[in-house]
Amino acid sequence: MSELKGSGQQTADAPTPEDAFHETATLDSREQTHAPGAAPDGPVLAADGTPLKRSLARALRMQKIRALALIAPLLIFVLLTFIAPIASMLFRSVENEIVSDTLPETVVVLNDWDSAGGAPLPESLFEAFYVDLFLAQEQKLHTRLGTRLNYEQTGMSSLFRKSGRQVGKFDTDKYTDQFTALDASWEDPASWVAMMDNKSNRTALPFTARSWDRWVAYLNTEGDDPAKEDIEDFLFTTLYLDLAKTGGKGASDARITAAGSAVGDFETVSLAEQFADAEKDWADPEIWRVIQTFSPKFTSGYYLNAIDMQKTPDGIEKRPENQQIYLMLFKRTMFMSLVITFSCIMLGYPVAWILANLPSRTANLLMILVLLPFWTSLLVRTSAWKVMLQQQGVINDTLVWLGLVADDARLVMINNQFGTIVAMTHILLPFMILPLYSVMQTIPPTYLRAAKSLGATNWTAFWRVYFPQSVPGIGAGSVLVFILAIGYYITPEIVGGNTGTFISNRIAFHISSSLNWGLGAALGTILLAVVMLLYWVYDKIVGIDNVKLG
Amino acid sequence: MKLTKIFLASTALAFAAGAVAAEDMTIVSWGGAYSKSQLKAYHEPYMEKTGVNIINDESSAEAVAKLRAMNEAGNVTWDVVDVVAADAMRLCDEGLALEIDPDTQLAPAPDGTSAKDDFGDLLVSDCFIPQIVYSTTFGYRTDLVGDTPPDNICDVFDLEKYPGKRSLEKRPVNNVEWALICDGVPADEVYDVLETEEGQDRALAKLDTIKDSVIWWSAGADTPQLLADGEVVMGSTYNGRLFSLIVEQKQPVAMLWDYQVFDLDGWIIPAGLSEERQKRALDYIYFATDTQRLADQAKYISYGPARKSSAPLVGKHADLGIDMAPHMPTDPANSKTAVLYNFEFWADYRDDLDAKFQAWLAK
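As they're listed, the protein sequences go chains A and B.
Residue numbers for the first sequence follow full-length UniProt numbering, so the first one is 1 and each next one is one higher.
Residue numbers for the second sequence follow full-length UniProt numbering, so the first one is 1 and each next one is one higher.
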């Protein structure tokens, strides 16, 4: 529509690469006339003596940098506020670091545990888990992990919350008492700091060294001094476990080797029993198999969940039928979006045609009527449909008054698919009319008259001459309406009941309510992929060049 | 990890839209009549007393998700947040809320009883300071139920006696409990039954009997609107909404208190505030949850104060002048069969049951 005007303005206001070319070309010709002595086969020089080619390249480069600098603020803004958050959100659909970050020792032991072969739960698993859980509950991470695992196994949430409260009260203080009875200096945190600075001590006590480092790292984030905080029971437990295994050989502290020879007589505590006493579920291998299944840093679990499958310790399987919902919702979303797009075409085409063929004064007035809904709040428009369509609403009341419908058999037009389609068609209609209108405006009315003067009937003239020229508008409108429809969730939530809701309602639920962001991200990614696929199909069939917004 | 932080920091830009000045305190709540009651009972006297400017944000419905995003971005812009107890538990579980010691950080009752004893069982989470007791219960159209108005929760499931539509919340919570009770399960065994697969199916099967006559709501305002328009004969919602429908808007609606489910709403302080802001937030909480302040709120809205010592102080409605006590869910006449929301059970079974419920709903 404004193509000519636009390009005219461009050459008038903004410098373009062509300008630079003209500039250097002028310089070049000037040089040739003013310096006739230059060798005819040498490089053509610019006014400042540099070769013309380089000078031109530099000029072009400057133009490009200037252009980039001009769009830089917008580009950075878009990258930072739009692309980056979306990318990080989508990344959550596979990310599963929380398990291995919270339970690093446990995950290592679980990797070696042959769960499928029915191997018993090793004691070392509970020893590792004791240290992990103790440190996690100090940092308040255990409940977060419980929430994460509860998505996979009901009951994990309270299992972790309750165990977190009890893990500090385990009988492992027996180790503490026995070590301090052996040598009172064990109680002194400063001596531990010195002991753990020594390399040979650390090699002799590997588990203790690892746990100590995590403990110190935690204290540092809290702003506490490791040399002043009490030594907790779990450190004495790891110390005992290390000494029981190595006897403290190779340590440079006499205190360690002395304790190493004494631990053989120590009274021991079974951590497996401690955990089973606290919560009997810990003795259940199934719980551990779930943790094992979800211990890798990345998981396909969320995606499987999003297509009604599930990842279980025994492999990937279908969800029970009474929990399958997402595939059905994807299909419903596609189907309803197509119906909405189609109704928008049917309703929008005649309106756009009238607008395009009226004198511009009347057309502008009518245009305001098309745009008016845009200026009204979405919620108000949706609620207005509720008033219109409900059983005690305007339409039903009118029908009953006219005697077309019996009072006790009022039509159900809302809280179902029909309600969603009506309300969304109304809301999205302007997105169809506007591109159609601007395309139709560019179709000269003389074409139709010419067709008719050559003997075409009204229908032939419209179908063979007018309609093909308006297809780019239909294409643009359909792409807009379809893509907007697919992501709608407020309107379906209000008027959709249980048969008219979209997949986006579930995504919104998982993002803001159930907080299962991984699943929400997986559903969102699949939706994005489907839209891109449809866009590609559309490009193959209709051709994206055929889409015109005006 | 670092990259994710940068990404999220940009998301936080959106939240940080209103920059917080030193004397401002952002308090997040539910909006509507509820926020108004807090403004009158807490905010106005506090601003007068301290000179702090309180900014009201109405984002409580998305509080958990937003706090999580703010926390990951390292930029928490809220000072005090009003949430339901279940959300407070989740925030506490995720380490997003500050733990409170009721005995040192909350005001004792006027007679010297410690805050811990005064709130009693209602301190359901270490991070949660209860404010009100509200309930989810039923209202019915007095002109559409004939001569025998419903007085039993199971009348909701009785389509023959009370034909017409009902409105129920679009989530399993409360609905499955009511379904089991009306299917013959004794109230104290409901959760034992619900823990089993068969029990869950049984609850959904009971709901199946009225599924075609149910309009499912997701916003608290839906049921009052549906009742006012005569779209439904009866419907569940929060008791405060029904109070304003009946008493303030004078609609032909009455309360059905049988097996109302008590729930709690209260404050949390987000974790990760600067020392100065945390101190101010704690000071506000100390002020706003004392015995008199909690009783004051009941002048503006029909929710029961969470402290035992506040109950005798509940007076008349500030504008209407009617006695508020009989409209409280905690009133002995109303709470004969009341049950308390089972936080532990729903924290575990929320995800599982919700998936089943939504799949059932979509069928």
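Don't be surprised by glycine CBs; every beta carbon is placed ideally from N, CA and C.
Asked	Found
Own chain partners of residue 430(A) with C-beta closer than 8 Å, once the 5 adjacent residues on each side are dropped	370, 371, 373, 374
Of the residues 46(B), 198(B), 65(B), 259(B), the one placed nearest residue 151(B), counting alpha carbons only	259(B)
Neighbour flag for residue 251(B) against chain A, beta carbons, 8 Å	no
Three-state secondary structure (DSSP) of residue 221(B)	coil
Interface positions of the stretch 203 to 233 of chain B facing chain A (Cβ-Cβ less than 7 Å), listed along the chain	215, 216, 218, 229, 230, 231
Chain B contact for residue 322(A) (CB, 8 Å cutoff)	yes
Within chain A, the residues that residue 356(B) reaches when beta carbons sit closer than 7 Å	322, 323
Local Cβ density within 10 Å of residue 553(A), reported as buried at 16 or more and exposed below that	Because chain A in this structure spans residues 1 to 550, residue 553(A) falls outside the shown range and cannot be described.
Residues of its chain near residue 360(B), where Cβ-Cβ distance is below 6 Å and the 5 sequence neighbours each way are ignored	204
Min CB distance residue 95(B) to chain A below 8 Å	yes
Backbone CA spacing between residue 123(A) and residue 186(A) [nearest angstrom]	26 Å
Contact list for the stretch 72 to 93 of chain B against chain C, Cβ threshold 8 Å	Absent from the structure: chain C. Protein chains present are A and B.
Residues bridged to residue 236(B) (per DSSP)	138(B)
Classification of residue 463(A) by the beta-carbon crowding that lies within 10 angstroms, buried from 16 upward	exposed
Pair within 8 Å by beta-carbon distance, residue 41(B) and residue 280(B)	no
Euclidean distance between Cα positions of residue 214(B) and residue 289(B)	39 Å
Paired residues, beta bridge with residue 262(B) - DSSP	135(B), 340(B)
For residue 300(A), the three-state DSSP class (helix, strand or coil)	coil
Proximal residues of chain B, C-beta to C-beta of residue 140(A) below 7 Å	95
Boundaries (first-last residue) of the beta strand (DSSP E) holding residue 53(B)	53 to 57
Contact list for residue 361(B) against chain A, beta-carbon separation under 7 Å	498
Residue 546(A) classed as buried or exposed, judged by whether at least 16 other C-beta atoms fall within 10 angstroms	exposed
Chain-ordered residues of the stretch 262 to 294 of chain B with a beta carbon less than 9 Å from chain A	271
Interface flag, residue 146(A) vs chain B, CB-CB below 8 Å	yes
Short CB-CB distance (under 8 Å) between residue 179(B) and chain A	no
Own chain, CB closer than 6 Å to residue 524(A), minus 5 neighbours either side, in chain order	507
Partner residues on chain A for residue 344(B), Cβ-Cβ distance less than 7 Å	158
Where residue 349(B) meets chain A, residues with beta-carbon distance less than 7 Å	154
Cα-Cα separation between residue 459(A) and residue 468(A), rounded to whole angstroms	13 Å
Beta-carbon contacts of residue 302(B) that lie in its chain and below 7 Å, excluding the five residues immediately before and after	239, 240, 243, 324, 327, 328
Distance between beta carbons of residue 295(B) and residue 320(B), contact taken as under 8 Å	Rounded, the Cβ-Cβ distance is 17 Å, inconsistent with contact.
Close beta carbons around residue 344(B), own chain, < 8 Å, minus the five adjacent residues each side	none
Start-to-end residues for the beta strand (DSSP E) that takes in residue 24(B)	24 to 28
Of the residues 78(A), 131(A), 364(A), the one placed nearest residue 437(A), counting alpha carbons only	364(A)
Beta-carbon proximity of residue 227(B) to residue 245(B), cut-off 8 Å	yes
Close-in-space but distant-in-sequence residues of the same chain around residue 341(A) (CB under 6 Å, 5 per side omitted)	478, 481, 482
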